[in-house]
Each structure stands twice: as C-alpha cells, then as structure tokens.
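Only one structure is covered here, and it is reproduced in the block below.
Number of protein chains: 2
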Amino acid sequence: MFKDKVLLDHGSGGLASQDLIRDIFLKHLDNPFLADLEDSAVIGEIGGRLVFTTDSYVVDPLFFPGGDIGSLSVYGTINDLAMRGASPVCLSLGFILEEGFALFDLERIVSSIARACEKAGVVVAAGDTKVVPRGKGDGIFINTSGLGFLAVDLNISASRARTGDQIILSGTLADHGITILTQRSGLELEGDFVSDSMPLHFLVRELGDFLGEGLHTLRDPTRGGLATSLCEIAGSSGVGITIEERALPVKPGVSSACEILGLDPLYIANEGKCLVLVEAGMADEALKIMRRRPEGRDAAIIGSVTGGSPDKVEMVTGIGGRRLITPLAGEPLPRIC
Amino acid sequence: MFKDKVLLDHGSGGLASQDLIRDIFLKHLDNPFLADLEDSAVIGEIGGRLVFTTDSYVVDPLFFPGGDIGSLSVYGTINDLAMRGASPVCLSLGFILEEGFALFDLERIVSSIARACEKAGVVVAAGDTKVVPRGKGDGIFINTSGLGFLAVDLNISASRARTGDQIILSGTLADHGITILTQRSGLELEGDFVSDSMPLHFLVRELGDFLGEGLHTLRDPTRGGLATSLCEIAGSSGVGITIEERALPVKPGVSSACEILGLDPLYIANEGKCLVLVEAGMADEALKIMRRRPEGRDAAIIGSVTGGSPDKVEMVTGIGGRRLITPLAGEPLPRIC
Numbered sequence: 315m316f317k318d319k320v321l322l323d324h325g326s327g328g329l330a331s332q333d334l335i336r337d338i339f340l341k342h343l344d345n346p347f348l349a350d351l352e353d354s355a356v357i358g359e360i361g362g363r364l365v366f367t368t369d370s371y372v373v374d375p376l377f378f379p380g381g382d383i384g385s386l387s388v389y390g391t392i393n394d395l396a397m398r399g400a401s402p403v404c405l406s407l408g409f410i411l412e413e414g415f416a417l418f419d420l421e422r423i424v425s426s427i428a429r430a431c432e433k434a435g436v437v438v439a440a441g442d443t444k445v446v447p448r449g450k451g452d453g454i455f456i457n458t459s460g461l462g463f464l465a466v467d468l469n470i471s472a473s474r475a476r477t478g479d480q481i482i483l484s485g486t487l488a489d490h491g492i493t494i495l496t497q498r499s500g501l502e503l504e505g506d507f508v509s510d511s512m513p514l515h516f517l518v519r520e521l522g523d524f525l526g527e528g529l530h531t532l533r534d535p536t537r538g539g540l541a542t543s544l545c546e547i548a549g550s551s552g553v554g555i556t557i558e559e560r561a562l563p564v565k566p567g568v569s570s571a572c573e574i575l576g577l578d579p580l581y582i583a584n585e586g587k588c589l590v591l592v593e594a595g596m597a598d599e600a601l602k603i604m605r606r607r608p609e610g611r612d613a614a615i616i617g618s619v620t621g622g623s624p625d626k627v628e629m630v631t632g633i634g635g636r637r638l639i640t641p642l643a644g645e646p647l648p649r650i651c
Numbered sequence: 315m316f317k318d319k320v321l322l323d324h325g326s327g328g329l330a331s332q333d334l335i336r337d338i339f340l341k342h343l344d345n346p347f348l349a350d351l352e353d354s355a356v357i358g359e360i361g362g363r364l365v366f367t368t369d370s371y372v373v374d375p376l377f378f379p380g381g382d383i384g385s386l387s388v389y390g391t392i393n394d395l396a397m398r399g400a401s402p403v404c405l406s407l408g409f410i411l412e413e414g415f416a417l418f419d420l421e422r423i424v425s426s427i428a429r430a431c432e433k434a435g436v437v438v439a440a441g442d443t444k445v446v447p448r449g450k451g452d453g454i455f456i457n458t459s460g461l462g463f464l465a466v467d468l469n470i471s472a473s474r475a476r477t478g479d480q481i482i483l484s485g486t487l488a489d490h491g492i493t494i495l496t497q498r499s500g501l502e503l504e505g506d507f508v509s510d511s512m513p514l515h516f517l518v519r520e521l522g523d524f525l526g527e528g529l530h531t532l533r534d535p536t537r538g539g540l541a542t543s544l545c546e547i548a549g550s551s552g553v554g555i556t557i558e559e560r561a562l563p564v565k566p567g568v569s570s571a572c573e574i575l576g577l578d579p580l581y582i583a584n585e586g587k588c589l590v591l592v593e594a595g596m597a598d599e600a601l602k603i604m605r606r607r608p609e610g611r612d613a614a615i616i617g618s619v620t621g622g623s624p625d626k627v628e629m630v631t632g633i634g635g636r637r638l639i640t641p642l643a644g645e646p647l648p649r650i651c
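Sequences listed follow chains A and B, in order.
Going by my numbering, the first residue of the first sequence is number 315, and it counts up by one from there.
Going by my numbering, the first residue of the second sequence is number 315, and it counts up by one from there.
See below:
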C-alpha cells in the first residue's frame, strides 16, 4: 500500500495513517486497547495508588548492542515507574517521525517494542504518530508515558534516605553510555560493550515484598550518572552520603574505555541499574535477593548515608583519599537516551 | 544563570537541566507532583475507570491567533480524554527542544501551558526534557499524555452509533486549520482567522450528566477533519451516515478562504469542536445544553445515522445532490497540530 519511506501523508490522520497503524503498529502491538482506534483508552479500574511518568527518547544511534530506541523507550519508562516502587500497567507511545525515515527501520523498532513489552508484562494502551518534513527531525523520536500502581504499602522516595541506610548499586556502571559513545564515535576499543538497558520492576517488586517500609529510596542513574543521582538523593533527604570507590562495580573494558576517553564512569548514563537505599540491618538480605536475579547479579553495597554534612556526597578513593562528588554540570554525551 | 538559548547541557540531567526546571518549568507549573522532582508522580487513588491517551504536537508556526503549541498541547490531549466521556485529572509533558531554541519562547509556551491547565482544571504531574543538536529538530516538539477517569456510567465510543441517532456538530468548521495555513503561507486573506483550540470536557460533562447512556459517540474532528471522523464512526459502528451541507456551520471568512485555496472545509482540522451522536429523542435537549455554553454556541444538528448503506457517509449538497464522503487520503496541511 505504501512505499518504503515515511511520508508526510502518514501523519495526516487519513488513509495513509490508517495503513501505517494497521501494517506496522497493530501488526506488532495489537491488543484490545489499541484495536479500538479510539482517541483514548479506557483502562478500567486499577487497585491501589496510581503512578504516572513520561520520558522522550532521542538516542543516537537508533540501534546499538543490547538494544535500540524501541526497547530503551519501554524499559526506561518502566524503570521510572519502578523507582517509586510501582508495578507498570500500561504505556503510551508518541512517535515523531521524519519524512523519509525507512519503514523497515520503523518496523524493526516497533517489533522491538512489542518484544520488550512482552518481556516486561506491559501493554501499549495509547499511541500517536506525527510526521515532520525532512530536515526538521532526526529519523525517529519516541515519547513513552507510563502508568503503574503501588499495590502494597511502599513509601519510596529520594527524600526518604536516613542516616545509617546502606546504599546498594544493582550492577556495573556506565555500560549504556560507553556503548552508545563507542558506537557513535566509531572508536575501535578493546572490550565487549553492551548496553545494560533492561526493566527493573521485577527486581523492585521482590525487594518491596521483602523490605516493605525498610526500602527507603530507589533511583536509576540514567542521564547525569551515579554521581548526579547520589547528589539528588542527598539534597532531597538532607543527608550526607559516603561511597567507596573500591566497591563500585565497573567492567574492565568500560573502565579502560573511560580512561582512554577521559570520561568519569560516575557521570555516565546507565539504563538498567538502580541505587537501593535500605535500613542498615536489612542490607545483607537485600543484597542476597538482588544477586539471585539477573538484573542484580553484580549488585554491591557501595556506601552509606552518614549523619554529618547534609547534602554532601563524598567518595573514599581507591588509595584512601576523599573526593567531593558534585552533580553533572555540562553534557558529556548528548542523546544517550 | 544560563544564556538566552537552549543548550545541549539543558538536556543533560545535570545542573543546567535543574536550572531549566527551576527557572522555567517549576516557575510556571509548580505543584506538589512536580516539586518532588522524582522519576514519576504518585497520583494516588482515583475513583472510577481510568482513561489514558497521548498526543505529540509539532504545529508550525508555534504561535498563532487563538493559541500556541503550549495551549494546543493541553487542550488537544484533554479533548482526546473528553471524547470518551472522561474528566481529565493530570497531564505529562515531554519536551524535545532543538539546541539554540530561544528560552524566551520556551517560557512563553510554558506560561501558556500553565494558563491552559488552570482554565481547564488539570495539573501537570510529570515531565521530561530532551535537547537535540541544531538541525536535528525544529525548535520545540511537545508530547502530552493525559489521564482521566470515567466517574459515571458513560459508554461512549465510535462503535456505539445507532440507526436514528442525531448528529450534532458543536460549532463552526475548519477554523484551526485555516488559521494555521494563512499564518504559515503569509497569505493576506479577508477574514478574522482565529484557531478554535479549546477544551471540551466541561461541555462533555454537562452532556453526559443529562444524556447518560443516550450519549453514544463523541469525536473531535482534528487531523482528517469532519469527513474522516464521520467515516471512522460509520466504519466502527457499521452504520450509514447522512449529513446536510446546508446545516454545516462555517464562518464566511473561512468559507471564502477555503474556496480561494481550493481546500474542502470537510477535511480541515478543528481543535475545539466535537461531533455528538445522541439518541433521536434527545437531540433537541442536547443542542440546548450545548448552545448555552461558549464551546457550543454555534452547535447545529448536521445529520443523522441511517439504516441503509453500512459504512457509507453521504452529504446532501446545498443544491440537493448527494455526494459520497470518503476519508482523507493525502495530507493537505502538514504540521497542523
């Protein structure tokens, strides 16, 4: 019915739009919500407190080892929900396509979204497509909003870190950012670079079930990296934080790449990792739970919340010095997500 | 703190992002959900069935008589919720900014969003900002997802049109599309062109309260215009539809502009109008309710659902002929919303 490129007509709301919806979107994402083709989806009643989030994805390149803009847009939004302790229920997808974008690539992305949704147990309940003229966009941008619910009595927030809390990081640092960077730059570096993009809500659910109110804070260190996330938590909770450089899990290849490129892994984006702040006595058990799951296989206790110096994040360096950790100031890596 | 243009740093998730959030977004949109600065917003419990929708806005130009991309992005998403009978509760905003976009314009847009939200009685509960390099976007794109609930026992759908239903159009046709087109083309046409962009949920609520199950279908004829919306309803419900050309409200200036430009007002986008399909006996009362409100001042009964010719939409022309109405095929006006 249509050629191999996105046309302005595909964004018209007319017949070409209907073709695109049927031949690509519904083909991969069919479900009763979308099949309705209504202006909005009636989700029905949801028990518990609602949680709502939104994120746009402009990653460049669109395809990379470990994922693509499609899976990233599903997992990234799920993780924003998970960081409040919420179980994701449904997503919306807003596509902004550039005229001339290959329909083959669009379909690859949509089928990746479908697989990611299946893996994560969520459905796409609403969607929209706009097309902008050639040169006014960049292939494809995706906005993914997400709805979840807090079924149990969790109270997870960046403002709930308390003195004595132990800080667990769920896995190795900087995998996503360094993978994107090496792909984009065409640098041939030693090492097996794969994005860590993955959904974290199953891990969070297990932690929540076990820790309950003892689970204080969750944060996924995406843009701005670990350093910025820790500073945000310290600022929101009015506490000091100390981490141990030696305790930070980083893959050797990623560590060398950072050294060669002059980048600090503390500031590089992750897309499948989270910081977990728990009551002191519960940290060992939490760590055990995390390590049993693939998402938390490399989890480590990396530091703790300290009484003194509110809002201040310090790192005890590998050789025993102390370094003040500040939030990211400038953008080292644009379009990482 | 920052200069007068959007920088890549503003999308970094670091300090520049925080400045932008504080100095522009929170300044105009502050509320407890956003002030949290969490990854997602805990909305709490909502009574009734949830309704969810998403829409991206890429309108060109960004500012036009009767609105701008900001107010459009609020009302457009509210109207998608309203077309299922839902009352809007909260919105998310996803900004994709082009490096170099004027912060002055961004603030104008955000303050317009704030005014639109206040007028409509909704809050922005979640947000995200990405920045793409110069030449990879076009100033600003906005995705607005929306959450609403169906408090009463309404059952409104494009598939519920029934033989005998009367079809009411809430006001004059093609105002938004023609306004955008004249702005963009720089054509100096006679007439007072103003977008009809406005929220329709108050009108829908009054109709729902009165009509209950007698309110069958609502649709806002945006992209694709009245013709495409009618075809979608006829297709979803498997019914025939007949409308009367003479009954269609069109402003004289808009009508002349369409003639001069060779455009058919039936296919031009509206942003503050809706089609209302009601049980035959209730149409006069529904019309009265609509005309009492500013959104429905020019409402008119334009046709009815007929028994024969399922899926077929016909128009009785001004001189008494019959014209088959088909959905929009090609895009006459890209980036209208």
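Beta carbons are placed, not taken as given, at the ideal position from N, Cα and C, and that holds for glycine.
Quick caveat: nothing in here was measured; it's all calculated off a predicted structure.
Any chain B beta carbon closer than 8 Å to residue i
i	result
A/Leu517	no
A/Ser319	The question names Ser, but residue 319 of chain A is Lys in the sequence shown. It does not: the Cβ of A/Lys319 has no partner Cβ on chain B nearer than 8 Å.
A/Glu359	yes
A/Cys404	yes
A/Thr493	no
A/Gly538	yes
A/Thr542	yes
A/Val436	no
A/Met315	Only weak support exists for where A/Met315 lies, its pLDDT of 45 falling under 50; the value from the coordinates is given anyway. False, the Cβ-Cβ gap to chain B never drops below 8 Å.
Rounded Cβ spacing between residue i and residue j (contact assumed at less than 8 Å)
i	j	result
A/Val568	A/Leu525	The Cβ separation is near 29 Å, so there is no contact.
B/Ile482	B/Ile616	7 Å
B/Cys651	B/Tyr371	6 Å
B/Ala583	B/Arg533	In fact, because the Cβ distance is near 13 Å, the residues do not count as touching under 8 Å.
A/Ser484	A/Val564	Actually they do not touch by this definition, with Cβ atoms about 13 Å apart.
B/Val437	A/Asp452	Wrong, their Cβ atoms sit about 31 Å apart, outside the cutoff.
B/Cys572	B/Pro579	5 Å
B/Asn457	B/Thr368	7 Å
B/Thr556	B/Ser618	6 Å
B/Leu487	B/Leu544	The Cβ separation is near 12 Å, so there is no contact.
B/Glu413	B/Arg448	5 Å
Any chain A beta carbon closer than 8 Å to residue i
i	result
B/Cys588	no
B/Val365	yes
B/Asn457	yes
B/Leu461	yes
B/Ser569	no
B/Leu575	no
B/Arg429	no
B/Ile410	yes
B/Asp369	yes
B/Val372	yes
B/Gly441	yes
Under 9 Å by beta carbon: chain B residues contacting residue i
i	result
A/Arg649	Leu322, Gly325, Lys444, Val445, Val446, Pro447, Lys450
Proximal chain A residues relative to residue i, where beta-carbon distance stays under 8 Å
i	result
B/Glu352	Met397, Arg398, Ser471, Ala472
Within chain B, the residues that residue i reaches when beta carbons sit closer than 8 Å
i	result
A/Leu642	Ser326, Gly327, Gly328, Leu329
Residue i: CB within 7 Å of a non-hydrogen atom of the ligand HEM
i	result
A/Gly505	Summarising the ligand content, the structure contains no ligands, and the ligand HEM is consequently not present.
Interface residues of chain B facing residue i [CB-CB closer than 7 Å]
i	result
A/Val356	Arg363, Val365, Arg398, Leu464
At least three beta-carbon pairs within less than 8 Å, the segment 596–612 of chain A to the segment 392–411 of chain B: no
Is it the case that the segment 376–388 of chain B contacts the segment 372–390 of chain A, given that we only count it when at least three CB pairs across the two stretches are under 8 Å? no
Is it the case that the segment 351–358 of chain B contacts the segment 468–479 of chain B, given that we only count it when at least three CB pairs across the two stretches are under 8 Å? no
Note down, in chain order, all residues in the segment 464–477 of chain A with a beta-carbon under 7 Å from any beta-carbon belonging to chain B. Leu464, Ser471, Ala472
Using a beta-carbon distance cut-off of less than 8 Å, what residues from the segment 375–400 of chain B approach chain A? Asn393, Asp394, Leu395, Met397, Arg398, Ala400
Interface residues of the segment 330–342 of chain B facing chain A [CB-CB below 9 Å]: Ala330, Ser331, Gln332
Would you check if the segment 394–403 of chain A and the segment 454–463 of chain A touch, i.e. whether three or more CB-CB distances between them fall below 8 Å? yes
Inter-stretch contact (C-beta, 8 Å, three-pair minimum) for the segment 491–504 of chain A and the segment 541–551 of chain A: no
Given 8 Å, three or more beta-carbon pairs between the segment 620–631 of chain B and the segment 554–563 of chain B: yes
Does the segment 316–326 of chain A come within contact of the segment 634–649 of chain B, defined as at least 3 CB pairs closer than 8 Å? yes
Does the segment 426–440 of chain B come close enough to the segment 327–347 of chain B that 3 or more CB-CB pairs lie under 8 Å? yes
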